[in-house]
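Enquirer: Residue numbers (the working numbering): -1 to 253. Just so it is clear, CB atoms sit at the ideal spot from N, CA and C, and this is done for glycine as well.
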Ligand SMILES: Cc1cc2nc3c(=O)[nH]c(=O)nc-3n(C[C@H](O)[C@H](O)[C@H](O)COP(=O)(O)OP(=O)(O)OC[C@H]3O[C@@H](n4cnc5c(N)ncnc54)[C@H](O)[C@@H]3O)c2cc1C
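Next comes the structure, spelled out in C-alpha cells:
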C-alpha cells in the first residue's frame, strides 16, 4: 500500500484513501466474514492486548471505523464483539487494541489465548458515521480503550503530513492504563489521568478543560464508556459546542 501523501484534497491528491472505502461493492465486501491471520501480538499493559491482523481481500478503512471479531466454540456457539481500528489506512496490517474485561466473554480470550499465527474470524471495516477523512477540523476525545480509534486518526494525520486539523484529548485512570500513552504524548494530546495525583497529567477532563476544546467549526469525535461520553458531551454542549457537530461512539455497558 502507498504512503507519504502530500495531504492534498482527497478527491484529487495522491491520498492514501484514493481507494475509497464505502462504495456499494466495498460495503458488500466489508460485510463478508473472513479469516484474518494474527501476525503480531503485543501486551502493552497487563489488562490489554494489541493484535495486528493480515486481512485477506481487505477493504481499506477510514479512520474511526471498526471490525467485528467472532469467536466460535466447537459446539458451534459464537460470540462477536466490535473493535476499532487503531492503525492508519496505509498500514499493511489492521491493528486492534483490546482492553481485557475480567468477567468478559470475548476480550479475555483475545488477550490471554490468541497467539501469532492464529486465525480470527472478522468482518469489516464497519461504520460510516464515526469516520474522519483527515482533512477537516476535528476534535477527538477518548476515555480508556475509547482512545483506540483516535490513535487511528492520529496515525492517518501523521501519514498525510498534516496533523494540524486534529486536536486530541484523552483520559484514563493511570498512565499505565492509557492506551498508546507515549504516542499520544508525543503528538501533544491533552492527557488527563484521574488517579495519578501529583504527576504532570493528573486531573480530569473537567468543564474548563472541555471548554478549551470547543470549536464550532470542527467535528467532535467522542469515544469511550457511556458514562464518559455522556459526561463529556454535556460539558461540550454547555460550553458552546453545537450538539450537531458531536459524534459519539460508546463502548461497553450503559450506566
Ligand atoms: C463500535 C465499537 C467499537 C469498540 N472498540 C473497542 C476497542 O477498540 N477496544 C476495546 O477494548 N473495546 C472496544 N469495544 C468494546 C468491545 O466491543 C466489547 O464490548 C468489550 O471488549 C467487552 O467484551 P467482552 O465480551 O469481553 O465482555 P462482555 O462479556 O460483553 O461483558 C462482560 C462484563 O463486562 C462489562 N463490560 C463490557 N464491556 C465493557 C467495557 N468496555 N468496559 C467496562 N465494562 C465492560 C459488561 O457489562 C459485563 O458486566 C467497542 C465497542 C463498540 C460498540
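1) Could you compute how far the alpha carbon of residue 81 sits from the alpha carbon of residue 67?
2) In chain order, what residues have a CB nearer than 6 Å to some heavy atom of ligand 1?
3) Counting only runs of 3+ residues fully inside the stretch 199 to 228, write out the beta strand (DSSP E) ranges in chain order.
4) Between the alpha carbons of residue 17 and residue 248, how many angstroms are there, rounded?
5) Can you give the Cα-Cα distance for residue 194 and residue 146, rounded to whole angstroms?
6) From the DSSP output, read off the bridge partner residues of residue 113.
7) Using three-state DSSP, classify residue 87 as helix, strand or coil.
8) Please state the DSSP three-state secondary structure of residue 247.
9) Under the assumption that residue 29 contacts residue 126 (Cβ atoms under 8 Å), give the Cβ distance between them as a whole number of angstroms.
10) Measure the CB-CB distance between residue 135 and residue 163 and report whether it falls below 8 Å.
11) Which residue's Cα is closest to the Cα of residue 143: 221, 200, 210?
12) Inspect the CB distances between the stretch 163 to 178 and the stretch 237 to 247 and report whether three or more fall short of 8 Å.
13) Could you tell me which of 205, 166, 181, 187 sits nearest to residue 260, measuring between CA atoms?
14) Throw me the rounded Cβ distance for the residue 148 and residue 104 pair, which I believe falls under 8 Å.
15) Count the other C-beta atoms from every protein chain shown that fall within 10 angstroms of the C-beta of residue 197, then say buried if there are 16 or more, exposed otherwise.
16) Grab the span of the beta strand (DSSP E) containing residue 261 for me, first residue to last.
17) For residue 152, collect the residues of the same chain with a Cβ closer than 6 Å to its Cβ; drop the 5 residues on either side in sequence, then sort them by chain order.
18) Bridge partners of residue 64, per DSSP?
19) Where does residue 231 fall in DSSP's three states?
20) Within the same chain, show all residues whose beta-carbon is closer than 6 Å to that of residue 94, passing over the 5 residues directly before and after it, in chain order.
21) Less than 8 Å separating the beta-carbons of residue 123 and residue 63?
22) Anyone know if the C-beta pair for residue 86 and residue 154 falls short of 8 Å?
23) With a 10 Å radius around its C-beta and 16 neighbouring C-beta atoms as the bar for buried, classify residue 187 as buried or exposed.
24) Mind checking residue 26: buried by the 16 CB within 10 Å criterion, or exposed?
25) Between which two residues does the alpha helix (DSSP H) harbouring residue 150 extend?
Expert: Looking at the atomic coordinates:
1) Looking up residue 81 in the chain shown gives position 83. Looking up residue 67 in the chain shown gives position 69. Using only the alpha carbons, I get a separation of about 7 Å.
2) 64, 79, 80, 81, 82, 95, 96, 97, 99, 101, 102, 103, 104, 105, 143, 146, 223, 247, 249, 250, 251
3) 217 to 223
4) Position 19 of the chain shown, counted from the start, is the residue given in the question as residue 17. Position 250 of the chain shown, counted from the start, is the residue given in the question as residue 248. Caution applies to residue 17, whose pLDDT of 46 falls short of 50 and renders its modelled position unreliable; the model cannot decide the point.
5) Within the chain shown, numbered from 1, the residue matching residue 194 stands at position 196. Within the chain shown, numbered from 1, the residue matching residue 146 stands at position 148. If I take the Cα positions, the gap works out to 21 Å.
6) What you label residue 113 is simply residue 115 of the chain shown in a count that begins at 1. None, per the DSSP bridge assignment.
7) The count along the chain shown starts at 1 and reaches residue 87 at position 89. Residue state, collapsed to three classes: coil.
8) Along the chain shown, one-based indexing puts residue 247 at 249. Residue 247: strand per DSSP, three-state reduction.
9) Counted from its first residue, the chain shown places residue 29 at position 31. Counted from its first residue, the chain shown places residue 126 at position 128. Contact doesn't hold; Cβ gap of about 13 Å is too wide.
10) Taking the chain shown and counting its residues from 1, the one referred to as residue 135 is at position 137. Taking the chain shown and counting its residues from 1, the one referred to as residue 163 is at position 165. Yes, these two residues count as a Cβ contact at 8 Å.
11) For the purposes of this step, residue 143 is taken as the residue at position 145 of the chain shown. Nearest C-alpha to residue 143: 221.
12) no
13) Absent from the model: residue 260. The displayed extent of the chain is -1 to 253, so no value can be given.
14) Mapped onto the chain shown, residue 148 falls at position 150. Mapped onto the chain shown, residue 104 falls at position 106. Going by Cβ atoms, the distance from residue 148 to residue 104 rounds to 22 Å, so no, they are not a contact pair.
15) Counted from its first residue, the chain shown places residue 197 at position 199. Classification for residue 197: exposed.
16) No answer is possible for residue 261: the residues shown for the chain start at -1 and end at 253.
17) If you number the chain shown from 1, residue 152 lands on position 154. These residues qualify, in order along the chain: 185.
18) Along the chain shown, one-based indexing puts residue 64 at 66. DSSP lists 82, 124 as partners of residue 64.
19) Within the chain shown, numbered from 1, the residue matching residue 231 stands at position 233. DSSP places residue 231 in helix when its eight states are reduced to three.
20) Your numbering for residue 94 matches position 96 in the chain shown. Closer than 6 Å at the Cβ level, and outside the excluded window around residue 94, lie 49, 81.
21) If you number the chain shown from 1, residue 123 lands on position 125. If you number the chain shown from 1, residue 63 lands on position 65. Yes, Cβ-Cβ distance for residue 123 and residue 63 is below 8 Å.
22) Here the question's residue 86 lines up with position 88 in the chain shown. Here the question's residue 154 lines up with position 156 in the chain shown. The answer is yes: Cβ separation under 8 Å.
23) Residue 187 sits at position 189 when you count from the first residue of the chain shown. Buried.
24) Along the chain shown, read from residue 1 onward, the residue named residue 26 stands at position 28. With fewer than 16 Cβ atoms within 10 Å of its Cβ, residue 26 is classed as exposed.
25) In the chain shown, counting from the first residue as 1, residue 150 sits at position 152. It spans 146 to 158 - the alpha helix (DSSP H) in which residue 150 sits, taken as one unbroken run.
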